[in-house]
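In my numbering, the protein residues as written are 491 to 569. To start, the structure under review is shown below, and the notes come after it.
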């Protein structure tokens, strides 16, 4: 899955995942786990929605996020 940010016309950006990026000739995009950038629910979707189909003509642009790599977390240790 690829994480993307969808910028819908006249709405807040939606962070979500897609199985694959849309083809240039696509008319729809199917996204999973839609949420706002801060992780809260999207106000115009019901709480239990896990998949949304957006028509491409309603989207200004799509940002493709780099794949997150697992980083080793090192904390401060007092001796």
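Ideal Cβ positions, reconstructed from N, Cα and C, are used throughout, including at glycine. As the structure is a computational prediction, the values presented were derived from the model and not from experiment.
For residue 525, the uninterrupted beta strand (DSSP E) segment begins and ends at 518-525. Here residue 551 is near residue 497, since their CB atoms are less than 8 Å apart.
Shown here for residue 527: same chain residues with a beta carbon closer than 7 Å to its own, the five before and five after excluded, namely 503, 505 in chain order. Across the structure, residue 492 and residue 511 are spaced so that their CA atoms are roughly 8 Å apart.
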